[in-house]
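In case it helps, my numbering puts the sequence shown at residues 549 to 771. All C-beta atoms, glycine included, are put in the ideal place defined by N, C-alpha and C. Nothing here was measured: the structure is a model prediction, and the numbers come from that model. The next block holds one structure in the form of structure tokens; read it before the comments.
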Amino acid sequence: MEERKFVQLKKDEFAVKEYVKNSLGKGRVSSVRVEYTPVGEKIIVATNRPGLVIGRKGERIDELTKVLKKRFKLENPHIEIKEITKPEFDAQIVADEIALALERLGSLKFKIIAYRMLQKIIDAGALGVEIRLSGKLPSERARPWRFASGYLKKTGDTAKIVDKAKALAETVAGVVGVKVAILSPDKKIHDRIEINEEIKEKIKTKTEETEKNSKKSKKKEKD
């Protein structure tokens, strides 16, 4: 009996998450988390566009709260906004942006869309990124395309810290699947060797001295 209640709770929770995501729109929400507190349900929405999600004077939040109470029978839902300050490192935001660009510009420009997004993420400072597109791009037969740059672990403990997400783009040619994996610069990698600035400066000075001595010795030999 307890198992059935738990399964039903998770189903209801999933329905709430999907409704919030769909009502706010693709490309605006990264994730939705539901927490249960003594005073009611806390729904945390992670977004890079808090202004659009909240609406003028909180109209969208108020409307969403009413629907959650009436449709999903939540007692006292409280929607909390969590702002994403670096959307370039959020895999779900990136995947949704690629999907929206494919729907808007067409699947024929998939390479331009993918490479631009890849460069944007790397320029922001990401350690590694991988973008995978699968569908009719651009031929009649579906095939996968991979765009990658930087350092990205696929196995082991380091693979767990890689942010991954999926999205779907509904184009004229058909549905295109989008997969994104990003390793942000704030993640700690155990097998990564970092040299501090002091050591870098010493190496640079030593290299310059070696080059000068080498030039002097060559000049003496010529004389």
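Measure the Cβ-Cβ separation of residue i and residue j and say whether it is below 7 Å.
{"i": "residue 627", "j": "residue 609", "result": "yes"}
{"i": "residue 715", "j": "residue 644", "result": "yes"}
{"i": "residue 591", "j": "residue 630", "result": "no"}
{"i": "residue 671", "j": "residue 578", "result": "no"}
{"i": "residue 762", "j": "residue 725", "result": "no"}
{"i": "residue 667", "j": "residue 713", "result": "no"}
{"i": "residue 625", "j": "residue 651", "result": "no"}
{"i": "residue 735", "j": "residue 709", "result": "yes"}
{"i": "residue 673", "j": "residue 733", "result": "yes"}
{"i": "residue 642", "j": "residue 728", "result": "yes"}
According to DSSP, what are the bridge partners of residue i?
{"i": "residue 680", "result": "694 and 727"}
{"i": "residue 718", "result": "723"}
{"i": "residue 795", "result": "An answer regarding residue 795 cannot be provided, because it is not within the stretch 549 to 771 covered by the chain."}
Hey, out of the options, whose CA is closest to residue i's CA?
{"i": "residue 722", "options": "558, 654 and 557", "result": "654"}
{"i": "residue 717", "options": "649, 666 and 663", "result": "649"}
{"i": "residue 686", "options": "701, 657 and 564", "result": "657"}
{"i": "residue 700", "options": "665, 720 and 737", "result": "737"}
Examine chain D for any beta-carbon lying closer than 7 Å to the beta-carbon of residue i, and answer yes or no.
{"i": "residue 609", "result": "Absent from the structure: chain D. Only one protein chain is present."}
Query raised in the report: Quick one: any contact between the region 690 to 709 and the region 616 to 629, if contact means 3 or more CB pairs under 8 Å?
Result: no
Report task. Decide if the region 596 to 609 is in contact with the region 580 to 587; the criterion is three or more beta carbon pairs, one per stretch, under 8 Å apart. Result -> no
Report task. Jot down the residue ranges of each uninterrupted alpha helix (DSSP H) in the region 601 to 687, minimum 4 residues, whole runs only, in chain order. Result -> 607 to 619, 639 to 653 and 658 to 671
**Report entry** Contiguous beta strand (DSSP E) assignments of at least 3 residues, all confined to the region 562 to 608
**Finding:** 577 to 585 and 588 to 595
Query raised in the report: Does the region 693 to 713 come within contact of the region 663 to 678, defined as at least 3 CB pairs closer than 8 Å?
Result: yes
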